[in-house]
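Residue numbers (numbering that gives the first Met the number 0), protein chains in the order written: chain H, 0 to 796; chain D, 0 to 296.
Read the structure below first, then the notes.
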Amino acid sequence: MPASGPAGVPTKITQGAQAAGGIGESTLRPDGILKVTGEFAYSSDLWHEDMLWGHLLRSTVAHAEIVSIDVSEALALPGVHAVLTYDDLPTGVRTYGLEIQDTPVLAHGKVRHHGEPVAAVAADHPETARRAAARIRVEYRELPVITDESSATAPGAVLVHEGRTDHYAPYVTHPNILHRQPIVRGDAAAAAGRADVIVRGEYTFGMQDQAFLGPESGLAVPEEDGGVHLYIATQWLHSDLRQIAPVLGLPEDKVRMTLAGVGGAFGGREDLSMQIQACLLALRTGRPVKIVYDRFESFFGHVHRHPAKLTYEHGATRDGLLTHVKCRIVLDGGAYASASPAVVGNAASLGIGPYNVGDVDIEALALYTNNPPCGAMRGFGAVQACFAYEAQMDKLAKELGLDPVEFRQRNAMEQGSTLPTGQVVDSPAPVAELLRRVKAMPMPPERQWESSEGADVRQLPGGLCNTTHGEGVVRGVGYAVGIKNVGFSEGFDDYSTARVRMEVVAGEPVAVVHTAMAEVGQGGVTVHAQIARTELGVEKVTIQPADTRVGSAGSTSASRQTYVTGGAVRNACALVREKVLEIGRRKFGTYHPAWATAELLLERGKVVTDGGEVLAGLADVLEGESVEIEREWRHRPTQPFDRLTGQGNGHVQYSFAAHRAVVEVDTELGLVKVVELACAQDVGKALNPLSVLGQIQGGTVQGLGVAVMEEILVDPVTAKVRNPSFTDYLIPTILDTPTIPVDVLELADHHAPYGLRGVGEAPTLSSTPAVLAAVRAATGLELNRTPVRPEHLTGTA
Amino acid sequence: MEFLRPASWQEALAAKAEHPTAVPIAGGTDVMVEINFDHRRPTHLLDLTRIGELTEWETGTDSVRLGASVPYARIMRHLRAELPGLALAAHTVASPQIRNRGGVGGNLGTASPAGDAHPALLAAGAEVEAESAARGTRLIPVDTFYTGVKRNALEPDELIRAVRIARADGPQQYSKVGTRNAMVIAVCAFGLALHPETRTVRTGIGSAAPTPIRAEVAEQFLNSALEEGGFWESGQIIAPSAVKQFATLCAAACNPIDDVRGTAGYRRHAIGVLARRTLMWAWESYRGGHRVTEGAA
Numbered sequence: 000m001p002a003s004g005p006a007g008v009p010t011k012i013t014q015g016a017q018a019a020g021g022i023g024e025s026t027l028r029p030d031g032i033l034k035v036t037g038e039f040a041y042s043s044d045l046w047h048e049d050m051l052w053g054h055l056l057r058s059t060v061a062h063a064e065i066v067s068i069d070v071s072e073a074l075a076l077p078g079v080h081a082v083l084t085y086d087d088l089p090t091g092v093r094t095y096g097l098e099i100q101d102t103p104v105l106a107h108g109k110v111r112h113h114g115e116p117v118a119a120v121a122a123d124h125p126e127t128a129r130r131a132a133a134r135i136r137v138e139y140r141e142l143p144v145i146t147d148e149s150s151a152t153a154p155g156a157v158l159v160h161e162g163r164t165d166h167y168a169p170y171v172t173h174p175n176i177l178h179r180q181p182i183v184r185g186d187a188a189a190a191a192g193r194a195d196v197i198v199r200g201e202y203t204f205g206m207q208d209q210a211f212l213g214p215e216s217g218l219a220v221p222e223e224d225g226g227v228h229l230y231i232a233t234q235w236l237h238s239d240l241r242q243i244a245p246v247l248g249l250p251e252d253k254v255r256m257t258l259a260g261v262g263g264a265f266g267g268r269e270d271l272s273m274q275i276q277a278c279l280l281a282l283r284t285g286r287p288v289k290i291v292y293d294r295f296e297s298f299f300g301h302v303h304r305h306p307a308k309l310t311y312e313h314g315a316t317r318d319g320l321l322t323h324v325k326c327r328i329v330l331d332g333g334a335y336a337s338a339s340p341a342v343v344g345n346a347a348s349l350g351i352g353p354y355n356v357g358d359v360d361i362e363a364l365a366l367y368t369n370n371p372p373c374g375a376m377r378g379f380g381a382v383q384a385c386f387a388y389e390a391q392m393d394k395l396a397k398e399l400g401l402d403p404v405e406f407r408q409r410n411a412m413e414q415g416s417t418l419p420t421g422q423v424v425d426s427p428a429p430v431a432e433l434l435r436r437v438k439a440m441p442m443p444p445e446r447q448w449e450s451s452e453g454a455d456v457r458q459l460p461g462g463l464c465n466t467t468h469g470e471g472v473v474r475g476v477g478y479a480v481g482i483k484n485v486g487f488s489e490g491f492d493d494y495s496t497a498r499v500r501m502e503v504v505a506g507e508p509v510a511v512v513h514t515a516m517a518e519v520g521q522g523g524v525t526v527h528a529q530i531a532r533t534e535l536g537v538e539k540v541t542i543q544p545a546d547t548r549v550g551s552a553g554s555t556s557a558s559r560q561t562y563v564t565g566g567a568v569r570n571a572c573a574l575v576r577e578k579v580l581e582i583g584r585r586k587f588g589t590y591h592p593a594w595a596t597a598e599l600l601l602e603r604g605k606v607v608t609d610g611g612e613v614l615a616g617l618a619d620v621l622e623g624e625s626v627e628i629e630r631e632w633r634h635r636p637t638q639p640f641d642r643l644t645g646q647g648n649g650h651v652q653y654s655f656a657a658h659r660a661v662v663e664v665d666t667e668l669g670l671v672k673v674v675e676l677a678c679a680q681d682v683g684k685a686l687n688p689l690s691v692l693g694q695i696q697g698g699t700v701q702g703l704g705v706a707v708m709e710e711i712l713v714d715p716v717t718a719k720v721r722n723p724s725f726t727d728y729l730i731p732t733i734l735d736t737p738t739i740p741v742d743v744l745e746l747a748d749h750h751a752p753y754g755l756r757g758v759g760e761a762p763t764l765s766s767t768p769a770v771l772a773a774v775r776a777a778t779g780l781e782l783n784r785t786p787v788r789p790e791h792l793t794g795t796a
Numbered sequence: 000m001e002f003l004r005p006a007s008w009q010e011a012l013a014a015k016a017e018h019p020t021a022v023p024i025a026g027g028t029d030v031m032v033e034i035n036f037d038h039r040r041p042t043h044l045l046d047l048t049r050i051g052e053l054t055e056w057e058t059g060t061d062s063v064r065l066g067a068s069v070p071y072a073r074i075m076r077h078l079r080a081e082l083p084g085l086a087l088a089a090h091t092v093a094s095p096q097i098r099n100r101g102g103v104g105g106n107l108g109t110a111s112p113a114g115d116a117h118p119a120l121l122a123a124g125a126e127v128e129a130e131s132a133a134r135g136t137r138l139i140p141v142d143t144f145y146t147g148v149k150r151n152a153l154e155p156d157e158l159i160r161a162v163r164i165a166r167a168d169g170p171q172q173y174s175k176v177g178t179r180n181a182m183v184i185a186v187c188a189f190g191l192a193l194h195p196e197t198r199t200v201r202t203g204i205g206s207a208a209p210t211p212i213r214a215e216v217a218e219q220f221l222n223s224a225l226e227e228g229g230f231w232e233s234g235q236i237i238a239p240s241a242v243k244q245f246a247t248l249c250a251a252a253c254n255p256i257d258d259v260r261g262t263a264g265y266r267r268h269a270i271g272v273l274a275r276r277t278l279m280w281a282w283e284s285y286r287g288g289h290r291v292t293e294g295a296a
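Structure representation (structure tokens):
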């Protein structure tokens, strides 16, 4: 039977009464209506008088030596202002990268993947720039392509990167292995001897694209001091800045960056895209330069989710307790490192899921290949592992004759459990409870397509394509649960910075919040305003545009921004509050003894005592003065994983979600309709319940996408991308999106601001395996790969 | 790229005669995609949107003369009784926005094997009304219209004025397989029409051969089986073995390829399933059973 849920821990708001528009309320997003009505200004809408248009020439082959590049015909085209190749780069720093600087700004001597930038053109019209790029003559001498583990590590294999000097190189067994992380705890081999049942499986995870709405774009404006101002859609302004400035040969204070309207990210904007090339072209021509990718180029312009091969062995005793897990996770990192090492760390450390297993033997690694570079995407290594370990859990449950939910609950981790890394989970981990909740939700009615008018095809697999009126349709139900870390791990100094000012404007107290946090659609600016209202007792909050005039906010990724930049805003607000009270004491302290003796709060524009007595209006306190504080804020430090054993307190916080998928499969045609995807997730504290719901539903749909349709297909012989368009890379439409009932738990993590838990990624993990489990239940097929296509369900692959 | 905007049909024909490489554009749902992807850079675009008669249709005794630019949304709404197969096909086209722009003329002009209208036109029986300034109007039977992958029987100086589609004299069905529930290019598609007046069954297959095709051997088999068994008169249930054989022959008519949207093996398999199901639905409807299911708009 499921354990009863941990007791809910009420979350204390730090100061004052519940503020109107404060935390816990579903205040509406300032960008919502603009986006729905098409009026929001995205980075692709940037415009500047006299601006030029940049365009990148990309390689047509995956792996080749560049014999020669001839730009003369491109330069001769009227309207062309500059053509840059590697030889035109202004300094010795000609590569960039998030962790390992292995990515050329423009290809040098070699291209390592299909679509790698080779030259950059600026012209007075985007069409002219494209035509000029087409006139650049590049002679390639093709090299053998490395496409998977066997070709990467074969004797005599071509090295994707020769002469590696990165800090992982000394520890890998082959130079085409970028990074490898074992995690060993207990003795899995010995524990296997105690197992009554052992199941094994090999799993394949396809390459998923972030498929964000707004293609890569930005505008670089040269400035009078020789610097440049870049308006850009990114996930982390300061990380971009750190990579851009040295290539330009400029100090960081001469590269100013302002966040432009971001049309989604999901990890795909952690790496640079056109930032450096736009700046180079602007500095070269002395004119503003805008670059906008079209959708085709966008598929080559950002990293994707790592495709993976995963091999698992699970054992259990007859009474349904896991004995051991052995697994090997091979991630295809593609041609450049991007975030691969950190993805490896996640895949390894979260490789067995939210279960108690004392004896584990895990190995995760990322390959260098000539496939498209892969890096960050929502779920970040934990997604691939969850797909595999949850399939294994179902297999084991079946072998043991146990209900799959009950089997998971028997092995579910909880607060106080120890992970394979040796880290003890020191905040709520309601894994069994989340499973109980999704299982307890009412089931959607059977045969919803039946009506008095005949079959309503919209309720059937195939939808309006009218492929079945009920023939061949079988329902299946599947469950899955996952574990995701929150924040940057493995010893990274994961801080954020907030600047908060309080002043009086038109007789009213106003809080001004300035951070460099990239609002990519997650709703961070909404949450910052809520925090400021709660902490400062004001109604009016101004959120300044994100730019590099304030310190780094860290990345909008890893489910971390509400935790870390939210924490920084809260901290700065608290410091501002103290200063405001100091001013109050100075100005009015003699009028009332409570100024000196009581605990003072800011509520509804006033200073009040904890007993509720009003001492002064904030407008009076701040008249003629303002308070401003900028501070960095850090969560608890983490540690690197030991290179050999993987032991270490590597993660900040964990986030859990569970799904129940109900699908209907046309078993003859292999078409799947996901009828419902119920989710239960612990969010610690929902600062904005509506945004939390949006995150959970969005993550759920992104997981559904890679379960049944989303995959970048790469030709195994040429390593070229076969479907770089939304015509052939399919993402779910609203007709593919099921009902998503959500049950939100709020069990506070006392280490985190307001007890909150990062929300954005966990639902992406368990959604995919839940759908796969349901399809397996409907079809009886093993289905060891995702996405599952009609061919796999009909024996016609 | 020059943009020609004729104000009348005659002007359009003259422009096409003068610029035979001009690409006609109406809804733009195919042409603009090709231009945006840089797959095509025509010297001239011939805009047909000012020619009102292309968006009109006339319903005659035996056929509907459907203007080349009548949008799919209007076919769905107004021609369900006369052209049920095409109306069903129109339902499966892309999204509401695209169905408001795109029309059958564009599908025929592009002549992609994946065009959604083709199987319905083949099954219903249709003639393409092509016209040139020099030679006037000619009617091209749709069976001979598709001449290769994205090639058709039009001469360089011809434009599609309309399609003449036989009015339904019996139940029609249309099914399309895509890997999501909307906004999807066909992996394969199947159209079927019962013609009680001629006691024939016609079919159309999309995306499973270099061109849209009919499954002629399957049609002949079924026509004989229905005739010999007196099924048209009796309205009896067709024996499962006959339905199965029809499905097998439809699958055998395919000549598909493996591509990013599906394997050849899957396409052949799926056409067999669709042939069986659409025949059952249409025949059930013919027998006076329940209504044809068309789904909601």
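Don't be surprised by glycine CBs; every beta carbon is placed ideally from N, CA and C.
Taking C-beta atoms under 8 Å as the contact rule, residue 309 of chain H and residue 204 of chain H qualify, at a distance of about 7 Å. By the neighbour-count criterion, in which 16 or more other beta carbons inside 10 Å mark a residue as buried, residue 447 of chain H falls on the exposed side. If you look at residue 257 of chain H, you'll find it in the beta strand (DSSP E) that goes 254-258. For residue 177 of chain D, the nearest beta carbon of chain H is closer than 7 Å to its own beta carbon. Note on the stretch 389-450 of chain H: whole alpha helix (DSSP H) runs with a minimum of 4 residues are 403-410 and 430-439, in chain order. Contact note: residue 72 of chain H does not reach chain D at a C-beta cutoff of 9 Å; the least C-beta distance is about 18 Å. When secondary structure is reduced to three states using DSSP, residue 16 of chain D falls in the helix class.
Residue 564 of chain H is classed as buried because its beta carbon has at least 16 other beta carbons within 10 Å across all chains shown. Counting only Cβ-Cβ distances below 8 Å, residue 295 of chain H has contacts in chain D at 36, in chain order.
For the beta strand (DSSP E) assignment, the uninterrupted runs of no fewer than 3 residues enclosed by the stretch 620-669 of chain H are, from N- to C-terminal side, 626-633 and 652-665.
Listed in chain order, the alpha helix (DSSP H) runs fully inside the stretch 12-83 of chain D are 30-35 and 71-77, counting runs of at least 4 residues. Using a Cβ distance threshold of 7 Å, residue 772 of chain H and residue 477 of chain H count as a contacting pair.
In the structure shown, the three-state DSSP call for residue 261 of chain H is coil. Three or more Cβ pairs drawn from the stretch 677-684 of chain H and the stretch 740-752 of chain H lie within less than 8 Å of each other, which places the two stretches in contact. At least one CB of chain H lies nearer than 7 Å to the CB of residue 264 of chain D. If you look at residue 82 of chain H, you'll find it isn't in any alpha helix (DSSP H); it sits in the beta strand (DSSP E) that goes 79-83. For residue 138 of chain H and residue 114 of chain H, the gap between their C-alpha atoms comes out near 15 Å.
Bridge pairing for residue 678 of chain H: H:658 and H:741 [DSSP]. For residue 215 of chain D, the uninterrupted alpha helix (DSSP H) run begins and ends at 215-227, by DSSP. Burial state of residue 148 of chain D is exposed, judged by a 10 Å Cβ sphere holding fewer than 16 other Cβ atoms. Of all alpha-carbon atoms in D:284, D:274, D:261 and D:276, the one lying nearest the alpha-carbon of residue 721 of chain H is that of D:261. A direct Cα-to-Cα measurement between residue 760 of chain H and residue 265 of chain H gives close to 9 Å.
A residue is called buried once 16 or more other Cβ atoms fall within 10 Å of its Cβ, and residue 111 of chain D is buried on that count. Taking a Cβ-Cβ threshold of 7 Å, the residues of chain H close to residue 174 of chain D are 464, 465 and 466, in chain order.
Secondary structure note for residue 51 of chain H: its beta strand (DSSP E) is the uninterrupted segment 51-57. If you check the CB distance, residue 92 of chain H and residue 245 of chain H come in under 7 Å.
Contact with chain H is absent for residue 278 of chain D, since none of that chain's Cβ atoms lies less than 7 Å from the residue's Cβ.
A contact is defined here as three or more CB-CB pairs under 8 Å, and the stretch 83-98 of chain H meets this definition with respect to the stretch 326-341 of chain H. Within the stretch 497-524 of chain H, contact with chain D at the beta-carbon level (separation under 7 Å) is assigned to no residue. Taking a Cβ-Cβ threshold of 8 Å, the residues of chain D close to residue 722 of chain H are 259, in chain order. In terms of Cβ geometry, residue 219 of chain H and residue 277 of chain H form a close pair [threshold 7 Å].
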